[in-house]
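Numbering (full-length UniProt numbering), first residue to last: 1 to 357. Note that CB positions come from ideal geometry on N, CA and C, so glycine has one too. If you're wondering where the values come from, they're calculated on a predicted model, not measured in any experiment. Below is one structure; the comments refer to it alone.
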Ligand code: ATP
Ligand code: MG
């Protein structure tokens with residue numbers, strides 16, 4: 001008898017509300033098929049309606065309310081027509097990342113059969129790698145300021161912060177992942193231009209790498225690395241990067257594999273001291289909300305990552321296989337050139353998971 005997994009489901013705004021039911025449908029199918037005991041609680045805050053009603057995105061005791069969960073399953077947040085993005089984002093998602101120390105942002109990048117690829121001549125199997133982004137420090141700080149403001153001597157300084165602990169833990173996570181895959185790790189750097197932090201980052205990569213002598217490490221400057229994502233995506237397996245570089249790579253990667261409607265992500269606290277968070281890469285997409293045509297696969301795949309992280313690899317694999325088969329033979333939403341509804345795709349994948357062998 002497996003332990004019950006406690007999941008907080010936060011649909012959020014816009015198409016988050018349309019893809020969440022499909023994500024839950026597939027999770028429930030997987031739970032049934034693989035005998036996983038799930039407790040899913042729906043949370044109806046962390047959305048812009050709640051902000052309009054209360055003046056805050058979340059209740060004051062949000063952290064206490066969520067701390068007991070194994071994971072947060074998150075749709076999308078943001079409704080710019082009523083609520084500025086910096087309020088909705090900083091008031092919910094970014095708080096989770098920081099306060100729950102979700103220091104790994106993991107984004108699989110994979111090309112599937114049946115999905116038009118913007119890179120000419122690529123087929124399924126050519127692109128299949130993981131981007132590991134440092135999620136809590138690095139270039140994203142509010143340290144710095146403006147000197148001599150308004151004069152012609154005006155100077156702006158923006159600091160970066162790399163701690164040894166923060167850097168080593170993301171590098172180690174990436175080496176561990178590489179160990180389980182093809183033993184190839186690409187380290188994003190810019191030590192030829194950023195003269196202090198990046199040479200140090202490279203040194204830390206070497207220091208941690210001493211524990212992983214059988215992994216082939218390739219350090220690449222971020223400029224050429226982005227070019228290689230487009231020109232030679234088949235050479236990557238696990239790619240690790242600082243917060244800023246990882247942000248760029250983890251948008252570029254999914255862009256190379258077709259629609260943003262497929263791309264999943266995980267914000268991990270690997271030690272499980274706090275809940276980790278699983279969400280599609282896409283946002284709330286106000287432009288298509290209400291039509292029932294959002295692609296639910298990014299949400300569904302994010303749910304698979306959640307089950308994998310919580311110890312159910314076989315359920316993850318079955319969901320990913322169902323996604324593969326559905327993209328090959330099943331209904332497609334308009335972003336993939338089809339006419340199917342969000343629910344058609346969710347039902348098709350859930351059915352495949354229920355019948356998984
Ligand atoms: P954010 O600021 O949160 O990234 P955004 O509005 O900039 O939000 P998205 O919400 O990701 O970006 O939408 C970008 C484009 O991709 C939109 O045109 C949207 O319609 C489309 N899109 C996003 N998600 C999906 C999806 N699941 N299915 C189909 N199209 C999508
Ligand atoms: Mg955006």
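Within 8 Å, strictly: CB atoms of residue i and residue j
{"i": "residue 16", "j": "residue 77", "result": "yes"}
{"i": "residue 335", "j": "residue 290", "result": "no"}
{"i": "residue 12", "j": "residue 91", "result": "no"}
{"i": "residue 275", "j": "residue 66", "result": "yes"}
{"i": "residue 178", "j": "residue 215", "result": "yes"}
{"i": "residue 313", "j": "residue 353", "result": "no"}
{"i": "residue 350", "j": "residue 133", "result": "no"}
{"i": "residue 208", "j": "residue 168", "result": "yes"}
{"i": "residue 295", "j": "residue 343", "result": "no"}
Pairwise C-alpha distance: residue j and residue i
{"i": "residue 110", "j": "residue 152", "result": "49 Å"}
{"i": "residue 1", "j": "residue 89", "result": "Residue placement at residue 1 is poorly supported in this model, since its pLDDT is 44, which falls under 50; the coordinates are not used for a value here."}
{"i": "residue 307", "j": "residue 199", "result": "37 Å"}
{"i": "residue 36", "j": "residue 356", "result": "15 Å"}
{"i": "residue 203", "j": "residue 219", "result": "11 Å"}
{"i": "residue 278", "j": "residue 310", "result": "11 Å"}
{"i": "residue 82", "j": "residue 101", "result": "29 Å"}
{"i": "residue 6", "j": "residue 269", "result": "16 Å"}
{"i": "residue 118", "j": "residue 106", "result": "22 Å"}
{"i": "residue 27", "j": "residue 239", "result": "28 Å"}
{"i": "residue 229", "j": "residue 251", "result": "11 Å"}
{"i": "residue 271", "j": "residue 173", "result": "11 Å"}
Start-to-end residues for the alpha helix (DSSP H) that takes in residue i
{"i": "residue 326", "result": "313 to 329"}
{"i": "residue 209", "result": "197 to 209"}
{"i": "residue 29", "result": "16 to 34"}
{"i": "residue 353", "result": "342 to 354"}
Proximity winner among the options, relative to residue i (alpha-carbon distances)
{"i": "residue 171", "options": "126, 243, 194 and 223", "result": "243"}
{"i": "residue 258", "options": "112, 156, 304 and 167", "result": "112"}
{"i": "residue 195", "options": "221, 186 and 331", "result": "221"}
{"i": "residue 201", "options": "234, 165 and 324", "result": "165"}
{"i": "residue 304", "options": "296, 315 and 294", "result": "315"}
{"i": "residue 51", "options": "84, 263, 138 and 186", "result": "84"}
{"i": "residue 72", "options": "127, 292, 29 and 23", "result": "23"}
{"i": "residue 93", "options": "122, 63, 70 and 108", "result": "63"}
{"i": "residue 297", "options": "86, 341, 256 and 184", "result": "341"}
Unbroken beta strand (DSSP E) run spanning residue i, endpoints
{"i": "residue 184", "result": "184 to 189"}
{"i": "residue 107", "result": "104 to 110"}
{"i": "residue 75", "result": "71 to 76"}
{"i": "residue 133", "result": "128 to 134"}
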